[in-house]
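Visitor:
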Amino acid sequence: MNSDRVIIFDTTLRDGEQSPGASMTREEKLRIARALEMMKVDIIEAGFPIASPGDFDSVKAVAGLVKNSTVCGLARALDADIDRAGEALQPAASGRIHTFIATSPIHMEHKLRMQPEQVIEQAVHAVKRARNLIDDVEFSCEDAGRSDIDFLCRIIEAAIDAGARTINIPDTVGYAIPHQFGATVAELLQRIPNADKAVFSVHCHNDLGLAVANSLSAVVQGARQVECTINGLGERAGNASLEEIVMALRTRKDLLLLETNIDTRHIVSISKLVSGITGFPVQPNKAIVGANAFAHESGIHQDGVLKHRETYEIMSAESVGWTTNKMVLGKHSGRAAFKSRLKELGIDFGTESEMNNAFARFKELADKKHEIFDEDLQALVSDTSASEIPEFYKLVYSEVCSRTGETPVAKLTLSVNGQEHSVECAGDGPVDAVFKAIEEIADSQATLSLYSVNAITRGTDSLGEVTVRLEKGGRIVNGSGADTDIIVASEKAYINALNLLLGSTERAHPQIADV
Ligand code: KIV
Ligand code: ZN
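Residue numbering for the sequence shown follows my numbering, starting at 22 and increasing by one per position.
See the structure below:
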């Protein structure tokens, strides 16, 4: 099954969500799924349905919504997982069950506590059970990167015979090196007698920073599906980044002779959407989607680019959706203009109430800031997401006094489950003062493990986007908030994180839950 097209399998909503603190609500997942579909992703892995009722609902909702991409649900090689995934995928126009079992000696012995023969038996049983529910079944050999190649050949041949149409080779722990990983894929394709009956896929983690290189190396050797995530989100150091895979294939088509179906013009806006929703900022020098990815600082470079863009640019900023930061909307823009610009940015609200909420925030922002850029709209959308979390804690009033040579003091009123409490606190800076004030009332006992501020556009009237990461009892949440006032954005982010900590997230992890 070799062709010149590489299938793009996005797992932002599943593996991406396994990043500590990257949990998404059903509505947020729907918003991302809509954007992925618009970008023409082939397969959207929407979640792990058995993990929790919430995960089941999200996969089902994405399956019911998306029409032009295949929607996939993850299942361990267990009857209950597979049946639950099949149920969640029922509304899908095109659905896929992705079942997996570990194949490396270390995982089989210490995690599964199973003999290799039992693992093959369970894999075959799982694939057959999934095929009874759905035609499109993918089988993954978890930790293939550290598995014995002879064993991989045996289990993959059996899985294809049992009906798997896609065989995924994950480098689960990010251990592979490009030439070696490519050689493994080449050997599997060459040695497995029925390899031509399935699409070979790769799923690389980025622990050594090699996820994209390993995926491309496998593709060169014949893999035709790449599993990846927006912004490289994912477990630990993340997964191969979708934007880097897609743009490498596109930019070096001359060498690789391969293509994808992705509409690359949506890349930047979906990157911002995912970053805003998860609270994981994108580093400025990140390839393709970082703020500096197309910025030329040095005079020689600027001169070159102005004379002839290709002197220093291998792809155009517009081709991945960077706009020229043009002013798009203002105070007098109406609802229709607002809605239509969001649509062009790949942002589509599911319900009228979400839309109304976002429009109200847009009007508030337009009163404070005359020129509204695309980046402001994107931040506003993630702020709208934050506001959809049930507000046990709510900011009522705050006043911060900060004078040269004096300790800043915050006066703050917080509503806690409807009851107002006021405090006054000093701090080592205005942000420290407001956080101390919030904590004095909330007494969350949570640890603040990240505080980051990002200016959305260039001017001093730019929206500041703040991420606050809180940890408590092994749980990690990322709160976000945006405002032209950094202190207010910080308060919003902290309060959002506190509200997220209260939400229930009892869910099984696919790879570490007991079998
Ligand atoms: O990294 C991994 O092995 C996975 C599998 C479930 C495909 O995420
Ligand atoms: Zn993974």
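We put the beta carbon where it would ideally sit given N, CA and C, even for glycine.
Just checking my contact of G94 with I118 at CB under 8 Å: how many whole Å lie between their CB atoms?
Guide: By 1-based counting over the sequence shown, the position of residue 94 is 73. By 1-based counting over the sequence shown, the position of residue 118 is 97. Yes, G94 and I118 are in contact; Cβ-Cβ is about 6 Å, under 8 Å.
Visitor: Any chance the region 48-62 sits against the region 98-108, with 3 or more Cβ pairs inside 8 Å?
Guide: With the cut-off at 8 Å, the region 48-62 and the region 98-108 do not touch.
Visitor: Assuming V289 and G342 are in contact, meaning their beta carbons sit under 8 Å apart, how far apart are those beta carbons, in whole angstroms?
Guide: In the sequence shown, residue 289 corresponds to position 268, counting from 1. In the sequence shown, residue 342 corresponds to position 321, counting from 1. Yes, they are in contact, since the Cβ atoms of V289 and G342 sit about 4 Å apart, within 8 Å.
Visitor: Quick check: is any heavy atom of the ligand KIV less than 6 Å from the C-beta of S161?
Guide: Position 140 of the sequence shown, counted from the start, is the residue given in the question as residue 161. Flag set: Cβ of S161 near the ligand KIV.
Visitor: Under the DSSP definition of a beta bridge, which residues are partnered with S419?
Guide: Taking the first residue of the sequence shown as position 1, residue 419 is located at position 398. The partner list for S419 (beta bridge, DSSP) reads L433.
Visitor: Please determine, among G297, G255, Q211 and T272, the residue with the shortest C-alpha to C-alpha distance to G243.
Guide: Taking the sequence shown and counting its residues from 1, the one referred to as residue 243 is at position 222. G243 has its Cα closest to that of Q211, out of G297, G255, Q211 and T272.
Visitor: For the ligand KIV, is there any heavy atom lying closer than 6 Å to the beta carbon of D78?
Guide: For the purposes of this step, residue 78 is taken as residue 57 along the sequence shown, with counting starting at 1. False, no ligand heavy atom lies under 6 Å from that Cβ.
Visitor: What residues are listed by DSSP as bridge partners for A96?
Guide: Your numbering for residue 96 matches position 75 in the sequence shown. Bridge partners of A96: T120.
Visitor: Rounded to the nearest angstrom, what separates M376 and L294 at their Cα positions?
Guide: Position 355 of the sequence shown, counted from the start, is the residue given in the question as residue 376. Position 273 of the sequence shown, counted from the start, is the residue given in the question as residue 294. Cα-Cα distance, rounded: 15 Å.
Visitor: Hey, quick one: how far does the beta strand (DSSP E) through K493 stretch, first residue to last?
Guide: Along the sequence shown, one-based indexing puts residue 493 at 472. Element bounds for K493: G485 to K493.
Visitor: Closest to P126 by C-alpha separation, out of A98, V83, D157 and I170, would be which residue?
Guide: For the purposes of this step, residue 126 is taken as the residue at position 105 of the sequence shown. The option with the nearest alpha carbon to P126 is I170.
Visitor: Name the residue from H287, P199, G253 and A179 whose alpha carbon lies nearest to the alpha carbon of E339.
Guide: On the sequence shown, residue 339 is found 318 positions in, with the first residue counted as 1. Per the Cα distances, H287.
Visitor: Could you tell me whether the Cβ atoms of V267 and Q246 are closer together than 7 Å?
Guide: Taking the sequence shown and counting its residues from 1, one reaches residue 267 at position 246. Taking the sequence shown and counting its residues from 1, one reaches residue 246 at position 225. Result no, Cβ atoms of V267 and Q246 do not sit closer than 7 Å.
Visitor: Going along the chain, which unbroken runs of the beta strand (DSSP E) with 3 or more residues stay wholly within the region 143-188?
Guide: You should have 158-163.
Visitor: What does the Cβ neighbour count give for P305, buried or exposed, with the cut at 16 atoms within 10 Å?
Guide: Taking the first residue of the sequence shown as 1, we reach residue 305 at position 284. Under this definition P305 is an exposed residue.
Visitor: Mark D395 as exposed unless 16 or more other C-beta atoms lie within 10 angstroms of its C-beta, in which case mark it buried.
Guide: Within the sequence shown, the letter at position 374 stands for residue 395. Buried, by the Cβ-count rule.
Visitor: Quick check: what's the CA-CA separation for V421 versus E427?
Guide: One-based indexing of the sequence shown puts residue 421 at position 400. One-based indexing of the sequence shown puts residue 427 at position 406. Those two C-alpha atoms are separated by around 12 Å.
Visitor: So if DSSP puts S470 in a beta bridge, which residue, or which two residues, is it bridged to?
Guide: Locating residue 470 in the sequence shown gives position 449, where the first residue counts as 1. Paired residues: none, contrary to the question.
Visitor: Quick check on the burial criterion: 16 or more other C-beta atoms within 10 angstroms. Buried or exposed for K384?
Guide: Reading the sequence shown from its first residue, position 363 is the one you call residue 384. With fewer than 16 other Cβ atoms within 10 Å, it is exposed.
Visitor: Measuring alpha carbon to alpha carbon, tell me which residue in A185, Y333 and I298 is nearest K502.
Guide: By 1-based counting over the sequence shown, the position of residue 502 is 481. A small fix is needed here, since residue 502 is Gly in this sequence, not Lys. The shortest C-alpha separation from G502 is found at I298.
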